[in-house]
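Undergrad: Numbering (this note's numbering), first residue to last: 5 to 95.
1) Using DSSP with H/G/I as helix, E/B as strand and the rest coil, what is residue 50?
2) Could you tell me the distance, in whole angstroms, from the CA atom of residue 21 to the CA atom of residue 64?
3) Does the Cβ of residue 38 have 16 or more other Cβ atoms within 10 Å, making it buried, or fewer, making it exposed?
4) Closer than 7 Å by C-beta to residue 81: which residues in its own chain qualify, once you throw out the five before and the five after it? Chain order, please.
5) State the beta-bridge partners of residue 65 as determined by DSSP.
6) Considering Cα atoms alone, identify which of 92, 75, 87 and 40 is closest to residue 53.
7) Looking only at its chain, what residues have a beta carbon closer than 6 Å to the beta carbon of residue 41, apart from the 5 residues adjacent to it on each side?
8) Could you check how far apart the C-beta atoms of residue 89 and residue 59 are, in whole angstroms? I think they sit under 8 Å.
9) Closer than 7 Å by C-beta to residue 68: which residues in its own chain qualify, once you throw out the five before and the five after it? Chain order, please.
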């Protein structure tokens, strides 16, 4: 088994190449909820493009819209989606 990534505590946390961002004033992203989420309810993940024009993708839990946000680069997000499409995350 490979080594697990380590958490590093500071103003931002690095996790598998993504930064967990502190809550910032104003909207951070154009949020989207999957049409596969039951009742588009509070038990799903929201994702959307960052509004800063960087091309990064923001992800958060819909139950905690003011909670932590994980920011991925476009390349990281594309790699994740490719893995989903290839059933690599069918746990």
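We put the beta carbon where it would ideally sit given N, CA and C, even for glycine. In this text the structure is predicted, and so the values were computed from the model without any measurement.
TA: In short:
1) strand
2) Residue placement at residue 21 cannot be trusted, given a pLDDT of 43 that sits under 50; the coordinates are not used to answer.
3) exposed
4) Answer for residue 81: 61, listed in chain order.
5) 49
6) 75
7) 48
8) About 20 Å separates the two Cβ atoms, so there is no contact after all.
9) none
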